[in-house]
Amino acid sequence: MKHLGLDAFRMSISWPRILPRGKLSGGINKEGIAFYNNVINELLANGITPFVTLFHWDLPQALEDEYLGFLSPRIVDDFQDFAELCFEAFGDRIKHWITVNEPFTFANCGYDGGFIGNLAPGRCSNRAICAKGNSATEPYIVAHHLLLAHATAARLYKRKFEPIQKGEIGIALVTHWFVPYSSSKLDVEAAQRALDFVYGWFIHPLVYGEYPEIMQSLVRSRLPKFTKEQAVMLKGSFDYLGLNYYTGNYAAHILSRTGNISSTTDNMVRLSTEINGVPIGKPTGVSSFFIYPKGLHDLLLYTKEKYNNPTIYITENWYG
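Per our numbering, the sequence shown starts with residue 220, numbered consecutively.
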């Protein structure tokens with residue numbers, strides 16, 4: 220990396236590698252701590268700044284077995300303990316923290332069969348691919364707890380560690396950019412709904428303390444609610460926003476859901492990547508991803524205007 224001229228490196232710390240049983244009471248793996256100390260020190264010795272993610276989907280199996288992981292509110296306290304351990308062990312050198320990478324992908328693909336396939340823990344309503352799960356409720360519950368885990372860890376860092384360690388903490392969100400399939404009012408609204416159900420689902424609570432109005436309207440009682448205290452904790456709970464952008468999609472309005480009720484179908488949108496055989500961008504090696512750089516441009520402008528112009532790092536990008 221040094222010879223390539225890189226000056227930053229994004230990495231993650233594996234929760235089960237540090238806490239094999241998921242909790243402080245289960246013991247700390249000192250070899251895991253030593254491993255990451257060596258990586259961090261070597262990066263810094265070569266002039267490379269680490270950006271460190273605390274949760275990139277590798278949940279300790281012990282917590283999944285004990286209380287179903289992020290389906291339980293108990294995960295929030297255990298994540299805070301893990302985060303605090305990392306802040307204490309590495310925070311003297313790590314100045315850029317990311318609490319969670321792509322909470323949408325973890326919730327959608329782990330509990331609803333998802334945009335990019337069925338990921339761990341492999342729960343959903345479709346019994347052809349999942350033995351257990353409920354796609355109508357579980358993605359929303361998991362997302363709710365991911366947001367609270369982020370906000371709790373960020374609050375701890377800001378209060379206890381940031382004044383001394385002089386670092387910053389954020390979260391990495393993913394979204395495609397959604398373009399109306401036609402100029403009709405219904406398709407324009409569909410594109411906004413698609414964005415709200417992927418991106419707004421997470422950034423809206425982080426800026427305004429509540430889910431987007433359209434999600435509240437369409438999901439209703441299946442969408443968890445934040446208490447007043449939680450809403451206050453969530454609002455402004457990041458120093459910077461990481462954005463992961465890969466491609467664009469056309470979005471068209473549909474009159475009714477098809478298939479099971481789920482977090483994927485609740486938005487009442489049909490997504491596609493072409494109009495009359497013309498793709499939205501240059502094809503890539505992944506059939507669903509096309510090179511659409513205008514989407515990144517529009518996403519950045521949208522975030523600036525709607526979400527108070529946050530500091531942004533592009534933490535992942537396809538070809539644009």
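Note that CB positions come from ideal geometry on N, CA and C, so glycine has one too.
How long is the line joining the alpha carbons of E303 and K242, rounded to whole angstroms? To locate residue 303, count along the sequence shown from 1; it is residue 84. To locate residue 242, count along the sequence shown from 1; it is residue 23. So the alpha carbons of these two residues sit roughly 12 Å apart.
Minimum C-alpha distance to G428 - residue among L366, N479 and F334: Residue mapping note: residue 428 aligns to position 209 of the sequence shown, counting from 1. Nearest option by C-alpha distance: L366.
Let me confirm a value: I452 is counted as buried when at least 16 other C-beta atoms fall within 10 Å, else exposed. Which label applies? Taking the first residue of the sequence shown as 1, we reach residue 452 at position 233. The sequence given here has Met at residue 452, not Ile. By the neighbour-count rule (16 or more Cβ atoms within 10 Å), M452 is buried.
Are the region 460-472 and the region 331-348 touching by the rule of at least three beta carbon pairs closer than 8 Å? No, they do not touch.
So, with DSSP's three-state summary, where would you put N544? Because the chain is modelled from 220 through 539, residue 544 falls outside the range shown and cannot be assessed.
Work out the CA separation of V258 and V221 for me, nearest whole Å. As a position in the sequence shown, residue 221 is number 2, starting the count at 1. As a position in the sequence shown, residue 258 is number 39, starting the count at 1. Per the sequence presented here, residue 221 reads as Lys, with Val not at that position. Approximately 14 Å, taken between the alpha carbons.
Are R476 and T483 close, meaning C-beta to C-beta below 7 Å? Locating residue 476 in the sequence shown gives position 257, where the first residue counts as 1. Locating residue 483 in the sequence shown gives position 264, where the first residue counts as 1. In this structure, T483 does not lie closer than 7 Å to R476 by Cβ.
By Cβ distance below 6 Å, which residues in the same chain neighbour F325 in space, the five residues on each side in sequence not counted? Within the sequence shown, residue 325 is the residue found at index 106, counting from 1. W276, listed in sequence order.
DSSP beta-bridge partners of F463: On the sequence shown, position 244 is the one that residue 463 refers to. Reading off the sequence, residue 463 comes out as Asn, not Phe. Bridge partners of N463: V393 and E535.
Buried or exposed: where does E381 fall if 16 or more other Cβ atoms within 10 Å of its Cβ makes it buried? By one-based count along the sequence shown, residue 381 stands at place 162. When all chains shown are included, E381 counts as buried.
Given G539, which residues of its chain have a CB within under 7 Å of its CB, disregarding the five upstream and five downstream residues? As a working mapping, residue 539 is identified with position 320 in the sequence shown. Residue confidence is low: G539 scores 44 on pLDDT, short of 50, so the model does not pin down where it sits. No coordinate-derived value is stated.
Compute the Euclidean distance between the alpha carbons of G455 and G341, then round it to the nearest angstrom. Numbered from 1 along the sequence shown, position 236 holds the residue referred to as residue 455. Numbered from 1 along the sequence shown, position 122 holds the residue referred to as residue 341. Cα-Cα distance, rounded: 32 Å.
Sub-7 Å separation of P269 and L262 beta-carbons: Taking the first residue of the sequence shown as position 1, residue 269 is located at position 50. Taking the first residue of the sequence shown as position 1, residue 262 is located at position 43. Result yes, Cβ atoms of P269 and L262 sit closer than 7 Å.
Quick one: give me the first and last residue of the beta strand (DSSP E) that L453 is part of. Residue 453 sits at position 234 when you count from the first residue of the sequence shown. That residue, L453, is in no beta strand (DSSP E); its alpha helix (DSSP H) goes K447 to L453.
Under 8 Å by Cβ, that's how I've got L392 and L460 pegged, so tell me the actual separation to the nearest angstrom. Here residue 392 refers to the residue found at position 173 when the sequence shown is read from its first residue. Here residue 460 refers to the residue found at position 241 when the sequence shown is read from its first residue. Correct: roughly 7 Å between the Cβ atoms.
N320 in three-state terms, based on DSSP: Your numbering for residue 320 matches position 101 in the sequence shown. Correct three-state label for N320: strand.
Reduced DSSP category for K513 - H, G, I as helix; E, B as strand; rest coil: Here the question's residue 513 lines up with position 294 in the sequence shown. Three-state result, K513: helix.
Where the alpha helix (DSSP H) containing R236 begins and where it ends: To locate residue 236, count along the sequence shown from 1; it is residue 17. Counting along the chain, the alpha helix (DSSP H) containing R236 begins and ends at W234 to I237.
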